[in-house]
Amino acid sequence: MKEEERMSRAELTLAEYARAGGPKKYQVIYADPPWPYQTWTRLKTKKARKKCGSIEYPTMTLAEICDLPVGTIADEHCILFLWITMPKLNVVFSVIEAWGFIYKTVAFTWVKQNPSGNGIYSGLGHWTLANPELCLLCTHKKFPSRKSPVKQLVFAPRGRHSSKPAIVRDKIIELVGDLPRIELFAREKAPGWDVWGNEVESDIE
9 MKEEERMSRA ELTLAEYARA GGPKKYQVIY ADPPWPYQTW TRLKTKKARK
59 KCGSIEYPTM TLAEICDLPV GTIADEHCIL FLWITMPKLN VVFSVIEAWG
109 FIYKTVAFTW VKQNPSGNGI YSGLGHWTLA NPELCLLCTH KKFPSRKSPV
159 KQLVFAPRGR HSSKPAIVRD KIIELVGDLP RIELFAREKA PGWDVWGNEV
209 ESDIE
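According to the working numbering, the residues represented by the sequence shown are 9 to 213, in order.
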């Protein structure tokens, strides 16, 4: 099955689950949407397309991301951890609002190290060479604030394209506790987490 077909099937599954009033609600939602990107180069080469992520995985339009019924699987007291790259800061707040959440702060700033773990990774960029990625913290209705020793900065090696450090899941649990939780757009199954996405066997099907 093609990746595009798998993504469409996964989207439909989440929507059907929401319409059916699925009994399971989550107090922690962790998401890394496949944001749409376009390259500013006119060179229609594989290298140019890979630079904007169009070869590595199928992306979604902003409207498709906003339309996902994420709010329907959110418990009354729910917290969202949402990954975003710097070029998409101007659109991420429309997604947060569409999903029924309120932006609070930056939960984590991932400073990418080289895959070896030695040195700081030098990324791509049309202005300065990019490195950090942000994971935003948003709340749904009334989620109590937490005071903890969890640090915002995460230094971790860069993995395969778009993958995020596994340690962030541990930091989320350390911050908010062992609550019912799900990872959306997951690329692997982690212990204690429900998952949904086109690269895993979704738990909410």
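From the three backbone atoms N, C-alpha and C, an ideal C-beta is built for every residue, glycine too.
CA-to-CA distance, residue j to residue i, given in whole angstroms
i           : j           : result
residue 164 : residue 119 : 7 Å
residue 122 : residue 186 : 31 Å
residue 203 : residue 143 : 18 Å
residue 74  : residue 108 : 10 Å
residue 159 : residue 153 : 15 Å
residue 147 : residue 91  : 14 Å
residue 199 : residue 189 : 11 Å
residue 130 : residue 82  : 37 Å
residue 102 : residue 111 : 10 Å
residue 196 : residue 70  : 24 Å
residue 100 : residue 141 : 13 Å
residue 124 : residue 72  : 36 Å
residue 113 : residue 145 : 5 Å
residue 77  : residue 106 : 9 Å
residue 208 : residue 41  : 15 Å
Beta-carbon separation (whole angstroms), residue i vs residue j, contact threshold 8 Å
i           : j           : result
residue 161 : residue 117 : 6 Å
residue 45  : residue 177 : 25 Å between Cβ atoms; not a contact.
Counted within 10 angstroms of its Cβ, other Cβ atoms place residue i as buried (16 or more) or exposed
i           : result
residue 205 : buried
residue 171 : exposed
residue 173 : buried
residue 201 : buried
residue 132 : exposed
residue 115 : buried
residue 193 : buried
residue 97  : exposed
Extent of the continuous beta strand (DSSP E) run through residue i
i           : result
residue 114 : 110-121
residue 141 : 141-149
residue 202 : 202-204
residue 90  : 82-92
Continuous alpha helix (DSSP H) stretch holding residue i: start and end
i           : result
residue 97  : 97-106
residue 162 : Per DSSP, residue 162 belongs to no alpha helix (DSSP H); it is in the beta strand (DSSP E), 161-165.
residue 181 : 175-184
Does the contact criterion of 3 or more C-beta pairs under 8 Å hold for the segment 130-137 versus the segment 169-189? Not touching, per the Cβ criterion.
For the segment 76-96 against the segment 33-42, are there 3 or more C-beta pairs whose distance is under 8 Å? Output reads yes: the segment 33-42 touches the segment 76-96.
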